[in-house]
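Participant:
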Amino acid sequence: MNPTTNRFLTRRALLKAGVAAAGAAALPSSLFAAAAPGYRTKHVMLVLFAGGVRSRDTVGTPANAPNLARLAEKGVVLPNCAAANLGHYGASLAILTGVPEYMGIRENARGFSPTVFEYVRKELKLPASGAWLSANNGSQGANLAYGLNKGWGAEFGANVIDGDGIFNQEFRDVLSQFGRPRADGPEELAALERMRGAVAAGGTNEKALNDAATAARVEKYIVDELTNSETVSLTGPGAGDAKALRIAGNILQIFRPTLSCVSLTSADVAHGSFNAYVDVIRRNDLELGRILDIVQADPQLRDSTTIFVLPEFGRDKNLNQRNGLDHGDGSDDLQRVACVAYGPDFKQGKTIDADCATVDVCPTICKLLGVDAPLVRGKALPRLLA
Amino acid sequence: MTVSRPLASAGVGLLPGGSVAAAALDAVSTRLSEPITRSPADRRFLRAVSIDLAGRTPLPAESIAAQQRSRGDVVRELAASRPSWEGFYEEELFYFLLVDNFRPSTDAFVEMPALLHERKLSVREALLQLVSSQFFNSRNPGNDTFVTVVLEQLLGVTVQKEAATLEAGKKMYDGYATTFLGKRGSSQADLVRIAVEHEDFESFFLERRFAAIFGDVPPKKRLAADAARLRADPFQWPAIVTEWLSSQAYEELLARPRSKTDRVFVRALFADLLGRVAEYQEFRRCRNALLALSDSRPLRSVLIKMMLDAGLGSVGEEATKDPATFVADRFLHLLARPPTPAEGDAFVREIRAGASPKLVLRALLTHSEYQTY
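Top to bottom, those sequences are chains R and G.
Read in order, the letters of the first sequence correspond to residues -6 to 379 in the working numbering.
Read in order, the letters of the second sequence correspond to residues 13 to 385 in the working numbering.
This is how it looks when you write it as structure tokens:
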């Protein structure tokens, strides 16, 4: 792959790439605010195609990301989204909070602003099974689930699952040691529940994220994923991202959450190798295609699911001395990213060149779901609605 | 320079609403001279001090050995015991994120708990060795990361507020002679030594260890006194933690159930169900999987089911011969309390209706009460 192809991501390049552009400039700056309530969107999936990914390597090069191109053809591309931060963690967190976060790359603490999970769960009174975060961020991933603002917080956070932490060879070895869990019979389960229910309330006053019924569903999901799915067998470079996407698709099918998010990181391998970076993009795109197939094959999800795909920021314009790509040159390649938005309420096959920002995604999701997000600093993305 | 970094962001969990009164911490528990019995209160006490010192519940032999000995003696001996130093070492490794591929594997570190136990190594020397190791260096590559982590994890410094200190540290890390934290040095080793010798080292160490037990920062005067004591004699850690756990404040803490961390849960499960300490690899795999979920309870349940399905955890014949005694014994063993009459009746009824003894264990081990201590 020659990194100098599609060097400048322009509207013309997008057209060539098969993503239809539109005369969006003729439209008012934001139809969102004027739109009537009652959107068709019932499920939102936000894919943080992160780790630092340039637009020219994704929407600008459909051969790398044919499924993203497929999504774009049926949705809207916003190629001029300004990144809020140039550290992976802070920039990803900013997308979720709608606030330009100051936190840096090594920060391992929660932010102070509520996340989109908290806004949505609190106002819609959703159980934790209604908001999921499938992450490949190690210990930082859990910090993305909720912030420290006292008006929201842990009780409205997302269920976080780091698939690479569970569905891996290591845990398979635990299975080998103990043997695969046996399926429970209905009578056995009923007796178990009666006994658990008979134990007087104990424990701490801390409210568990999941209620007992949801915890039981999650338990069954984990056993199924460990015993019956191919997720465990995903290995090799970029497997953590691939698992995060695979799990997000499975969760969408099983729990049908109102809001789900996938947080990817493997593209950061670009620091050392441009080719490895492109491989990560391709592998992630393949898994994105699987999610799109799931949505389109499901009559309920097909007409009610909205998907946003964007990275937290791009990468440098030019290769470094290791034939890799850093993220620090201040170029448009680094600071401007493309957001692809697909869903039943959006236009189809349009490119909207208007300036926007990654922090606009959080308020857009909240608008779509009819939720107030009083502390966001972004604005709903412009001109999206059909 | 003073400690400016909130403990919560240093990876130390603070309990909501907790506040340790200085007087309660200074007061010796009125129950300290009482002998340990098989009473629920003593079981709960023994489980709590074992978790706080060794990171796990007591093994059967340890519970038996504690019987009829005074609470004070049990705490003092446990604090200086080999299991406590092993628990100390594991928690320090986790705090510094020296886990998985970064876990120290050379003899010097494998032997560290034994050397600490034999008083051949002090807490200060142990942490100096850990932070000076190639494992810590690999974990935190490059001058910026290394100096940041040294300042944050050894001294509780908020690096963003100490930009000049960070820059000086980076220069010293790179081999240039400079002044860092008021002392001269010119190497990575100098940098770590200066940090460990800094006046805030003992207080931050004690602050985070205190918070791990009490869920709160210690009273300032007591912290200063304990830090001065540890600075004067780096072998004083067992004595200091013994005093904390012998206080009225700790007695009051026992009335408030605390959540088991995933690490404590795994170790306690092996001790309670299998009567043995988890092998490191067993522990590591389970811990890593649990850490992958924001709510690990469902996976904790899966682990319990897997272990029980595998035939682990002997239940004996008393379950079917005398269900009431079996249920009462399991409640005491796992929840450190007898069943209420209603609980006992419900469990015995299920056993008589065909529920297996292992299902009884599963119901107790997966209940929210077992997730606390």
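Backbone N, C-alpha and C fix where the C-beta goes; we use that ideal spot for every residue, glycine too.
Is the Cβ-Cβ distance between alanine 43 of chain R and glutamate 305 of chain R less than 9 Å?
Facilitator: yes
Participant: For the segment 137 to 151 of chain G against the segment 173 to 193 of chain G, do three or more pairs of beta-carbon atoms, one drawn from each stretch, fall closer than 8 Å, so that the two count as touching?
Facilitator: no
Participant: Any beta carbon from chain R within less than 9 Å of alanine 251 of chain G's own beta carbon?
Facilitator: No, alanine 251 of chain G does not count as interfacial toward chain R.
Participant: Name the chain R residues whose beta carbon is nearer than 9 Å to that of alanine 6 of chain G?
Facilitator: This structure cannot speak to residue 6 of chain G, because chain G is shown only from 13 to 385.
Participant: State buried or exposed for threonine 118 of chain G, treating a residue as buried only when at least 16 other CB atoms are found within 10 Å of its CB.
Facilitator: Counting of Cβ neighbours within 10 angstroms places threonine 118 of chain G among the exposed residues, the total staying below 16.
Participant: Considering only the beta carbon of each residue, do phenylalanine 277 of chain G and serine 308 of chain G sit closer than 9 Å?
Facilitator: yes
Participant: With a threshold of 9 Å between beta-carbons, can alanine 20 of chain G be considered close to chain R, or not?
Facilitator: Only weak support exists for where alanine 20 of chain G lies, its pLDDT of 42 falling under 50; the coordinates are left without a value.
Participant: Considering just the uninterrupted stretch of the alpha helix (DSSP H) at isoleucine 345 of chain R, what are its terminal residues?
Facilitator: Looking at the DSSP string, isoleucine 345 of chain R is not in any alpha helix (DSSP H), and its letter there is neither H nor E.
Participant: Between phenylalanine 397 of chain G and glutamate 330 of chain G, which are expected to be in contact by the criterion C-beta below 8 Å, what is the C-beta distance as a whole number of angstroms?
Facilitator: The structure shown has nothing for residue 397 of chain G, since chain G only spans 13 to 385.
Participant: Just tell me which of R:Leu245, R:Gln246, R:Val225 has its CA closest to the CA of lysine 236 of chain R.
Facilitator: Shortest Cα-Cα distance from lysine 236 of chain R to any of R:Leu245, R:Gln246, R:Val225 involves R:Val225.
Participant: Using the C-alpha atoms, what's the distance from arginine 275 of chain G back to alanine 53 of chain G?
Facilitator: 24 Å
Participant: Residue range of the beta strand (DSSP E) that proline 72 of chain R falls in?
Facilitator: Residues 69 to 75.
Participant: What residues match up with asparagine 221 of chain R in a beta bridge as DSSP calls it?
Facilitator: BP columns for asparagine 221 of chain R are empty, so no partner.
Participant: Would you tell me roughly how many angstroms separate the C-alpha atoms of glutamate 66 of chain R and aspartate 346 of chain R, rounded to the nearest one?
Facilitator: 16 Å
Participant: Whole-angstrom Cβ separation of threonine 251 of chain R and histidine 36 of chain R, contact assumed at under 8 Å?
Facilitator: That pair is a contact at about 6 Å.
Participant: Tell me whether asparagine 78 of chain R sits in a helix, a strand or coil according to DSSP, three-state version.
Facilitator: coil
Participant: Against chain B, with Cβ distances strictly below 9 Å, would glutamate 362 of chain G count as a contact?
Facilitator: The structure shown has no chain B; the protein chains it does contain are R and G.
Participant: Is there a C-beta anywhere in chain R that falls below 9 Å from the one on arginine 297 of chain G?
Facilitator: yes
Participant: Shorter than 9 Å from the beta carbon of lysine 372 of chain R to some beta carbon of chain G?
Facilitator: no
Participant: For threonine 228 of chain R and alanine 206 of chain R, I'd like the C-alpha separation in whole angstroms.
Facilitator: Using only the alpha carbons, I get a separation of about 32 Å.
Participant: Report the neighbours of leucine 185 of chain R on chain G: residues whose CB is nearer than 7 Å to its CB, in chain order.
Facilitator: Per Cβ cutoff of 7 Å: Leu371, Arg374, Ala375.
Participant: Can you tell me the Cα-Cα spacing of leucine 61 of chain R and arginine 175 of chain R, whole angstroms?
Facilitator: Leucine 61 of chain R and arginine 175 of chain R have their alpha carbons spaced roughly 40 Å apart.
Participant: So, is glycine 323 of chain R buried or exposed, given that buried needs 16 or more other C-beta atoms within 10 angstroms?
Facilitator: exposed
Participant: Counting only beta-carbon atoms, is glycine 45 of chain R nearer than 9 Å to chain G?
Facilitator: no
Participant: State yes or no: is the C-beta of threonine 351 of chain R within less than 9 Å of the C-beta of valine 330 of chain R?
Facilitator: yes
Participant: If you follow the beta strand (DSSP E) that lysine 195 of chain G is part of, which residue opens it and which one closes it?
Facilitator: 195 to 197
Participant: Looking only at its chain, what residues have a beta carbon closer than 6 Å to the beta carbon of alanine 239 of chain G, apart from the 5 residues adjacent to it on each side?
Facilitator: Closer than 6 Å at the Cβ level, and outside the excluded window around alanine 239 of chain G, lie Glu214, Ser215, Leu218.
Participant: For the putative contact between glycine 307 of chain R and serine 48 of chain R, defined by C-beta atoms under 8 Å, what is the C-beta separation to the nearest angstrom?
Facilitator: That belief holds up - the Cβ atoms of glycine 307 of chain R and serine 48 of chain R are roughly 6 Å apart, short of 8 Å.
Participant: What do you reckon, is the C-beta of alanine 237 of chain R under 8 Å from a heavy atom of the ligand SAM?
Facilitator: Among the components of this structure there are no ligands whatsoever, and the ligand SAM is therefore not found.
Participant: Quick check on the DSSP output: the beta strand (DSSP E) that includes histidine 210 of chain G runs from which residue to which?
Facilitator: Careful: histidine 210 of chain G lies outside any beta strand (DSSP E) and carries neither H nor E.
Participant: Examine chain R for any beta-carbon lying closer than 9 Å to the beta-carbon of asparagine 300 of chain G, and answer yes or no.
Facilitator: yes
Participant: Taking all protein chains shown into account, decide if glycine 190 of chain R is buried (16 or more other Cβ within 10 angstroms of its Cβ) or exposed.
Facilitator: exposed
Participant: Give me the DSSP bridge partner(s) of threonine 90 of chain R.
Facilitator: For threonine 90 of chain R, which the question treats as bridged, DSSP gives no partner whatsoever.
Participant: Tell me the rounded alpha-carbon separation between glutamate 180 of chain R and asparagine 203 of chain R.
Facilitator: 24 Å
Participant: Report the residues of the segment 302 to 313 of chain G with a CB closer than 7 Å to any CB of chain R, ordered along the chain.
Facilitator: Residues of the segment 302 to 313 of chain G with a C-beta atom less than 7 Å from some C-beta of chain R are Leu303, Ala304, Leu305, Ser306, Asp307, Arg309, Pro310, Leu311, Ser313, listed in chain order.
Participant: Thinking C-alpha only, which one of G:Ser313, G:Val289, G:Phe226 is nearest leucine 266 of chain G?
Facilitator: G:Phe226
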